[in-house]
Each structure stands twice: as C-alpha cells, then as structure tokens.
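Notes follow the structure.
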Amino acid sequence: MEKADIILNDSAMAHFDQVRLDLNLILLEVVYNGKENTINHRNFQRVEFIEGNKKRLFIPANRFLYNGTALNGFVEQIGQGETPIVVLVNYFVDIKPPTPTANITGGAVVDTWIKEKRIYLFKDSQLTPIRNKKELNAFYSRQGKKLETYLKQQKPNIKDPEELYQTGATFRKIGAIRCAVILRQ
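Position in the sequence shown (from 1) plus 682 gives the number in the numbering used here.
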C-alpha cells in the first residue's frame, strides 16, 4: 500500500497514506481510521500515487473504449497532456486456462489469474495498441522517414511507456506532430 491523493467525482481531493488498486473489481482499497475500506470506481475520477517526487496518475479503465468495448482494470496516464499524444498503460487481471497437457506435464490444472499490461497511444479520442515497432510506425505513418530515422538512431524501448511518451514528445518538439491536446487533467 502506498500514499495517494484520490480525486473524487465532485473534484474534492482526499489524501490517504495506504491505498491499493484492485484490478479485478476496479476499486480502491484504503486504510482509514485503522480500518480497510473500499472506494468504488464510480465514486472517483483518478488516483495520484506519490512515489518520492514523482506522481503516477491512474484512471479507472472502464472510461476508455477500444473497439467499442470498455477496458478492464486501471489505466496509468504517462504525461499530463503536454503532448498531443498521451501514453496509457492498461493494468488488468486476466484468466489463463490450463493447457490441454497440464495433467501430463505437471502444470496448473485450474484457471490461473494473471496480471497483464497493455500499452496504448491515445489521440483524437482513439486508443491504438502498441506492441511493436511496426504498430508504432503505422500510428505515425504520416511522419514517414522522420520517425524511421529517429527510431533507428535512438532505438527507444517500445515496451517502456516512458520512452514511448518521450518519442511523442520529441516528435512534437521537432514539429513532426501538429494536433490539439486531447486529454488534459
């Protein structure tokens, strides 16, 4: 459990010293007056975890749609709207069924809950999953050679959301991206 500021639906802020995300039920577990309580995702806008001098912003993922379906769990927003493209990291719980040979190989024979993470770029109210450099190239397709040159020279780790955000910020600085900021907090 970590320290966090919770921004409620009425824009009021509550500070708790012990907060934990429940990825399955999309709620917060908080310790208040020595007792553990929960806050449903319908009752707050976002959570800002405080880690040293850095804040991590989490939003209930069901507020974002991908292919018409709401996301599960929580979404971490990388960047605070300084660039036209925001990196969102979706943390959720998924069920992994046992393999057909689990009895033979000694693997798990029951469903297993696993914590998953998916990275999306959010632009113009659209989520685009980024799993590899090919998908990143497709997202920035209008940038053409500028992106290819940058990716070859800098070799950013596409699996690292911070580096993905820095790629977008760099493209904005060199004038390769011109569009309005979509998500502001």
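Yeah, the Cβ is synthetic: ideal placement off N, Cα and C, and Gly gets one too.
CB of residue 711 within 8 Å of CB of residue 702, strictly: As a working note, residue 711 is residue 29 in the sequence shown. As a working note, residue 702 is residue 20 in the sequence shown. It is a contact, given that the beta carbons lie within the stated cut-off.
At what residues does the beta strand (DSSP E) containing residue 686 begin and finish? Here the question's residue 686 lines up with position 4 in the sequence shown. For residue 686, the uninterrupted beta strand (DSSP E) run begins and ends at 684-690, by DSSP.
Per the DSSP calculation, residue 697 is bridged to which residue(s)? Locating residue 697 in the sequence shown gives position 15, counting from the first residue. Paired residue(s): 687.
Whole-number beta carbon distance between residue 705 and residue 775, since they are thought to touch under 8 Å: Here the question's residue 775 lines up with position 93 in the sequence shown. Here the question's residue 705 lines up with position 23 in the sequence shown. Contact holds; Cβ gap of about 5 Å.
Tell me residue 773's beta-bridge partners as DSSP assigns them. Looking up residue 773 in the sequence shown gives position 91. Answer is 756 and 799.
Rounding to the nearest angstrom, what Cα-Cα distance links residue 650 and residue 729 in this structure? Since the first residue shown for the chain is 683 and the last is 867, residue 650 is missing from the structure and cannot be characterised.
Which ranges does the beta strand (DSSP E) cover as unbroken runs of at least 3 residues, wholly within the region 709-738, from first to last along the chain? 709-714, 717-722 and 726-733
Nearest neighbour of residue 812, chosen from 840, 748, 795 and 828 [CA to CA]: Indexing the sequence shown from 1 puts residue 812 at position 130. Nearest of 840, 748, 795 and 828 to residue 812, Cα basis: 840.
Kindly indicate the opening and closing residues of the alpha helix (DSSP H) around residue 831. Within the sequence shown, the letter at position 149 stands for residue 831. From DSSP, the alpha helix (DSSP H) with residue 831 extends over 827-836.
Cβ pair count under 8 Å reaching 3, the region 730-743 against the region 801-818: no
Pairwise C-alpha distance: residue 802 and residue 817: Residue 817 sits at position 135 when you count from the first residue of the sequence shown. Residue 802 sits at position 120 when you count from the first residue of the sequence shown. One alpha carbon belongs to residue 817, the other to residue 802, and they sit about 11 Å apart.
Near residue 646, which residues of its chain fall below 6 Å by C-beta distance, leaving aside the five closest residues on each side in sequence? There is simply no residue 646 to check, as the chain begins at 683 and stops at 867 in what is shown.
Please find out if some non-hydrogen atom of the ligand GDP comes closer than 7 Å to the beta-carbon of residue 716. Absence of the ligand GDP from the depicted structure is noted, as is the absence of any ligand whatsoever, leaving it without description.
Let me confirm a value: residue 847 is counted as buried when at least 16 other C-beta atoms fall within 10 Å, else exposed. Which label applies? Working through the sequence shown from its first residue, we reach residue 847 at position 165. Label assigned to residue 847: buried.
My output table needs one value for residue 745: the three-state DSSP class, helix, strand or coil. Mapped onto the sequence shown, residue 745 falls at position 63. Of the three classes helix, strand and coil, the one that applies to residue 745 here is helix, per DSSP.
Return the residue from the list 760, 786 and 836 that minimises the CA-CA distance to residue 804. The residue given as residue 804 occupies position 122 in the sequence shown. Nearest C-alpha to residue 804: 760.
Return the Cβ separation of residue 822 and residue 852 in integer angstroms, given the expectation that the two are a contact with Cβ distance under 8 Å. Mapped onto the sequence shown, residue 822 falls at position 140. Mapped onto the sequence shown, residue 852 falls at position 170. So it is not a contact: roughly 11 Å between Cβ atoms.
Could you have a look at residue 816 and say whether DSSP puts it in helix, strand or coil? The residue labelled residue 816 in the question sits at position 134 within the sequence shown. When DSSP states are grouped into helix, strand and coil, residue 816 belongs to the helix group.
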